[in-house]
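In this note's numbering, the protein residues as written are 62 to 208.
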Amino acid sequence: MIRIAEKTDVPALAKLASAPDVWCDPPEELEGDFAGLLASEKDLVAVAEKEGRIIGFANIRLRTDYVAGTKSSPVAYLEGIAVAEEFRGKGTARALFEFCQSWAKEKGCTEFGSDCLITNEASYAFHMALGFKEIERTVHFAKKIEE
Ligand SMILES: CC(C)(COP(=O)(O)OP(=O)(O)OC[C@H]1O[C@@H](n2cnc3c(N)ncnc32)[C@H](O)[C@@H]1OP(=O)(O)O)[C@@H](O)C(=O)NCCC(=O)NCCS
């Protein structure tokens with residue numbers, strides 16, 4: 062079952078998102094992040110639930126800043142999506158995405174944006190299977206400001 066996340070889902074969401082191949086931050090930090098997302102009107106957190114267990118989630122945000130490859134505003138942006146390892150390959154992420162897409166449509170969005178690491182082959186394949194097109198490849202830089 063796919064549904065909108067509730068406050069009581071926050072610990073399970075944080076645990077799922079703390080996995081090394083998801084957001085990798087400590088669960089206690091992620092609990093605060095998810096609580097913030099649930100309170101945000103620009104965000105949707107959808108969960109996949111199976112026999113009372115949260116097995117996946119997706120977070121999309123209505124973005125009004127520039128989103129590569131899009132022309133409209135707001136754009137629905139797939140900020141994160143993950144399925145517990147033992148439940149992958151069964152259509153859960155697709156179902157989560159379709160739920161998010163319906164929400165985005167209701168909010169007036171006509172385009173989706175997303176990104177993933179070049180090395181994340183599963184995520185790349187997922188995006189292509191869902192109908193995304195590759196727009197560009199970028200390299201991120203950072204530098205300390207000299208004192
Ligand atoms: C990416 C991820 C969310 C996919 O979840 P999933 O539930 O296994 O995906 P689904 O079973 O719903 O697959 C949806 C489509 O993507 C494709 N796909 C998903 N994982 C794939 C993989 N590893 N290799 C090839 N194709 C894949 C499927 O073939 C499927 O296409 P179809 O519906 O046309 O058959 C999951 O692998 C995951 O949680 N990865 C770790 C977190 C992550 O990297 N998230 C994305 C960050 S940008």
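Every residue gets a Cβ at the ideal spot worked out from N, C-alpha and C, and that includes glycine. Given the structure is predicted, the values throughout are model-derived calculations rather than measurements.
Practice item. With a threshold of 6 Å, establish whether the CB of Phe-187 neighbours any heavy atom of ligand 3. Key: Within the structure as shown, ligand 3 is missing, the only ligands being ligand 1.
Review point. What number of angstroms, rounded off, separates the C-alpha of Ala-186 from the C-alpha of Ala-143?
Key: 14 Å
Review point. Name the DSSP bridge partner or partners of Lys-204?
Key: Answer by DSSP bridge pairing: none, since Lys-204 is not bridged.
Review point. Does DSSP classify Phe-239 as helix, strand or coil?
Key: Any question about residue 239 goes unanswered here, given that the chain covers just 62 to 208.
Point to revise | Ala-75 burial status per 10 Å Cβ neighbour count (16 or more: buried) | key: buried
**Study point:** Uninterrupted alpha helix (DSSP H) stretches inside the stretch 153–199 (no shorter than 4 residues)
**Key:** 153–167, 182–190
**Study point:** Selected residue, minimal CA-CA separation from Asp-176, among Tyr-138, Phe-158, Ala-145
**Key:** Tyr-138
Review point. Comparing the CB of Asn-120 with every heavy atom of ligand 1, is any distance shorter than 6 Å?
Key: Result no, Cβ not under 6 Å from ligand 1.
Review point. Is the closest heavy atom of ligand 1 to the C-beta of Thr-63 under 6 Å?
Key: The displayed chain sequence assigns Ile, not Thr, to residue 63. No, ligand 1 has no heavy atom inside 6 Å of this Cβ.
**Study point:** Cβ contact check for the stretch 62–73 and the stretch 97–111: 3 or more pairs under 8 Å
**Key:** yes
Practice item. Could you tell me if the beta carbon of Ile-179 falls within a distance shorter than 6 Å of some heavy atom in ligand 1? Key: no
Practice item. Return the residue from the list Arg-155, Phe-160, Lys-168 that minimises the CA-CA distance to Gly-192. Key: Arg-155
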